[in-house]
Amino acid sequence: MYVAVKGGERAIDNAHAFLAEERRGDPAVAELSTAQIREQLRLSVNRVMAEGSLYDPDLAALAIKQARGDLIEAVFLLRAYRTTLPRFGASRPVETARMACTRRISATFKDAPGGQILGPTFDYTHRLLDFKLAAEGALPPAAPTAPVPTSDLPHITGFLNRDGLIQSETAYDDIPPDLTREPMELPASRALRLQALTRGDEGFILSLAYSTQRGYGRTHAFVGELRIGTVAVEMDIPELGFAVEIGEVELTECETVNQFAGSKTEPPQFTRGYGLTFGQTERKAIAMSLVDRALRWKELGEDDSGAPAQDEEFVLMHADNVQATGFLEHIKLPHYVDFQSELELIRKLRAEALTAIGAARQEAAE
Amino acid sequence: MTEPSRRDWMGLLARACADRLAALMPDEPEAAFLRPPEIGTVMVRGRIGATGAAFNLGEMTVTRCSLRLATGEVGHAHVQGRSRDHARRAALVDALMQSPRAADVQTRILAPLAEAETAARSLRAAKAAATRVEFFTMVRGEDK
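Quick mapping for you: the protein sequence lines, in order, are chains A and B.
Residues in the first sequence are numbered from 9 upward in steps of one, following the numbering used here.
Residues in the second sequence are numbered from 669 upward in steps of one, following the numbering used here.
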């Protein structure tokens with residue numbers, strides 16, 4: 009148990025001054041601007057927005073600078089700022105079918121209508137350090153362009169859906185549960201699980217997803233489709249009586265296609281896992297869709313193999329890195345009173361034990 | 669070109685770059701705030717499996733503003749981000765678009781914003797299109 013302590017004000021002030029100086033680093037090196045972070049460390053910015061659960065690239069860049077690049081600390085800062093703002097309402101569900109895609113690939117259909125668009129990806133790079141980047145200066149040449157086909161990019165699962173080969177998702181517009189407003193209750197609906205997963209720690213979600221691939225709650229996932237791009241955000245404005253676009257956000261969406269042998273009530277068909285995350289965050293979106301699918305075992309009448317990724321309570325209660333950090337790191341705060349009582353207890357127990365041992369030895373000697 | 673609807677121009681103003689809008693509006697008409705610019709958030713929702721039930725994805729920052737021009741027209745704005753100036757200017761343009769100055773505002777402010785947005789979107793789409801691939805499945809021994 010943590011018991012409040014007093015004192016140390018000067019030491020704390022000095023520690024913060026030291027922190028500010030260390031954050032700045034060598035003054036002979038130019039200071040990093042938040043605009044530079046926003047533009048050139050965009051994937052860090054995206055991760056902080058996704059796990060901070062707040063889409064604002066400028067704020068995320070500031071949080072990263074303040075946190076000295078510690079992304080979980082930056083997520084914490086963003087979450088804390090978020091709580092100071094009023095919430096005006098909720099958007100209409102975004103239409104990812106109308107996404108302006110910069111990337112769209114399918115691992116299941118090579119001839120996907122609309123084509124496969126690689127976009128700005130690390131895939132197919134050699135993962136060799138590029139020392140040219142260590143030398144500052146030259147702008148990269150402009151990326152090549154090509155005529156844009158006029159056809160839209162329909163969701164790939166839609167094709168399987170037509171033949172009834174994949175389980176379909178029915179639209180309804182009930183107000184979804186919100187874990188930022190009410191404490192999470194278990195068992196959780198799929199909507200609540202997805203909210204927890206999309207803001208969950210990328211490393212944790214990745215490891216869980218990986219565990220399902222290695223056999224702990226295996227779901228045989230294929231990436232049916234992965235798309236990245238911007239979507240419009242629309243909200244109903246009461247003063248106007250109609251919906252308007254209030255902006256646009258970049259999202260990553262992953263739909264997995266999974267084997268399903270059928271059950272007593274369902275014929276064999278493919279099932280789906282779903283991932284949707286803020287920014288270009290594809291590792292997270294893919295991992296999210298695998299974990300989403302693993303958590304659906306009960307609804308699909310599958311066996312509980314006891315795998316961690318199938319355990320809703322285990323997944324949802326440990327996915328949030330701000331909560332986890334808070335509880336983990338509080339043990340470094342002064343626990344003097346607690347520890348003092350433990351110290352006394354252990355002294356007493358030792359004294360009793362030593363007396364007993366001494367008595368036993370004496371008995372043996374006699 | 670079809671007549672722009674209020675929905676269209678409000679969306680355009682919400683998505684516009686705040687600095688670009690400021691540059692296009694050197695003079696502002698007199699107006700009284702009905703609701704001074706206020707920063708808040710909107711919960712962005714998605715759909716399970718893209719087509720299913722709604723779920724909460726995360727929030728985005730939004731600044732809103734309502735005002736009335738000296739000539740009586742009321743303008744509203746909800747714009748992405750945390751710029752109070754952006755929200756105020758967007759509300760002013762919304763009000764002006766309901767005034768006799770609409771045609772002028774359309775030409776001088778909205779048209780350049782729309783043009784810049786279309787150009788930026790087309791360029792990004794063209795760069796993405798240049799990365800379009802055709803994958804071929806290699807013929808394997810057993811297929812022969």
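Every residue, glycine too, gets a C-beta built ideally from N, C-alpha and C.
Chain B contact residues for residue i, given Cβ-Cβ distances below 9 angstroms
| i | result |
| --- | --- |
| E261 (chain A) | G714, A718 |
| S159 (chain A) | Near S159 (chain A) there are no residues of chain B at all, since even the closest Cβ is about 11 angstroms away, more than 9 angstroms. |
| F250 (chain A) | R674, R675 |
| Q203 (chain A) | F723, N724, L725, G726 |
| T206 (chain A) | G714, F723, N724, L725, G726 |
| D4 (chain A) | Residue coverage of chain A in this structure runs from 9 to 374, which leaves residue 4 (chain A) outside it and unanswerable. |
7 angstroms Cβ cutoff, residue i in contact with chain B
| i | result |
| --- | --- |
| Y132 (chain A) | no |
| E321 (chain A) | no |
| D209 (chain A) | no |
| M243 (chain A) | yes |
| E256 (chain A) | yes |
| P195 (chain A) | no |
| E307 (chain A) | no |
| R280 (chain A) | yes |
| R428 (chain A) | No statement about residue 428 (chain A) is possible, as the shown extent of chain A runs from 9 to 374 and does not include it. |
| D186 (chain A) | yes |
| L27 (chain A) | no |
| H228 (chain A) | no |
| T104 (chain A) | yes |
| P246 (chain A) | no |
| E233 (chain A) | no |
| A179 (chain A) | yes |
| E310 (chain A) | no |
| L284 (chain A) | yes |
In DSSP terms, what residue i is bridged to
| i | result |
| --- | --- |
| G237 (chain A) | A:C109, A:L259 |
| H744 (chain B) | B:S734 |
| R800 (chain B) | A:I125 |
| F335 (chain A) | In DSSP, F335 (chain A) forms no bridge with anything. |
| M728 (chain B) | A:Y63, B:V710 |
| V761 (chain B) | For V761 (chain B), which the question treats as bridged, DSSP gives no partner whatsoever. |
| A691 (chain B) | Its beta-bridge partners do not exist; DSSP assigns none. |
| N266 (chain A) | A:A229, A:T279 |
| A151 (chain A) | According to DSSP, A151 (chain A) bridges with nothing at all. |
| A722 (chain B) | B:R715 |
| I174 (chain A) | A:F278 |
Where the alpha helix (DSSP H) through residue i begins and ends
| i | result |
| --- | --- |
| T104 (chain A) | Element bounds for T104 (chain A): n/a, residue is neither H nor E. |
| F130 (chain A) | Neither: F130 (chain A) is in no alpha helix (DSSP H) and is coded neither H nor E. |
| S349 (chain A) | 344–373 |
| T289 (chain A) | Careful: T289 (chain A) lies outside any alpha helix (DSSP H) and carries neither H nor E. |
| A23 (chain A) | 17–32 |
| E320 (chain A) | 320–326 |
| A771 (chain B) | 770–773 |
| T165 (chain A) | 165–170 |
| G679 (chain B) | 674–683 |
Limits of the beta strand (DSSP E) - the one that residue i falls within
| i | result |
| --- | --- |
| I707 (chain B) | 699–715 |
| Y282 (chain A) | 279–286 |
Cross-chain neighbours of residue i in chain A, by beta carbon under 8 angstroms
| i | result |
| --- | --- |
| R750 (chain B) | D64, D66, L67 |
| A794 (chain B) | T153, A154, P155, V156 |
| F701 (chain B) | Near F701 (chain B) there are no residues of chain A at all, since even the closest Cβ is about 14 angstroms away, more than 8 angstroms. |
| R732 (chain B) | F96 |
| R789 (chain B) | A108 |
Below-7 angstroms beta-carbon distance, residue i vs any chain A residue
| i | result |
| --- | --- |
| A745 (chain B) | no |
| R683 (chain B) | yes |
| D811 (chain B) | In this predicted model, D811 (chain B) has a pLDDT of only 49, less than 50, meaning its place in the structure is not dependable; the value taken from the coordinates is given anyway. Chain A contact via Cβ: absent. |
| V761 (chain B) | no |
| M765 (chain B) | no |
| M669 (chain B) | Only weak support exists for where M669 (chain B) lies, its pLDDT of 44 falling under 50; the coordinates are left without a value. |
| A770 (chain B) | no |
| G679 (chain B) | yes |
Beta-carbon neighbours of residue i, restricted to chain B and to distances below 7 angstroms
| i | result |
| --- | --- |
| Q288 (chain A) | The premise fails here: Q288 (chain A) is roughly 12 angstroms from chain B at the closest Cβ pair, so nothing lies under 7 angstroms. |
| G97 (chain A) | V710 |
| R90 (chain A) | T709, E727 |
| P101 (chain A) | R713, G714, R715, A722 |
| D78 (chain A) | Ordered by position in chain B, no residue passes the 7 angstroms Cβ test against D78 (chain A), which lies about 21 angstroms from the chain. |
Residues that residue i contacts on chain A, provided the C-beta gap is smaller than 7 angstroms
| i | result |
| --- | --- |
| T799 (chain B) | I125, L126, G127 |
Where residue i meets chain B, residues with beta-carbon distance less than 8 angstroms
| i | result |
| --- | --- |
| E47 (chain A) | Neighbours of E47 (chain A) on chain B: none; closest Cβ ~14 angstroms, over 8 angstroms. |
| S41 (chain A) | What S41 (chain A) touches in chain B: nothing, since even the nearest Cβ is about 16 angstroms away. |
| S61 (chain A) | G726, E727 |
For the region 34–121 of chain A, which segments carrying the beta strand (DSSP E) assignment without a break, of at least 3 residues, lie completely within its bounds, in sequence order? 95–98, 108–113
Run through the region 184–259 of chain A for me and flag every whole alpha helix (DSSP H) of 4 or more residues, listed as ranges in chain order. 198–206, 210–221
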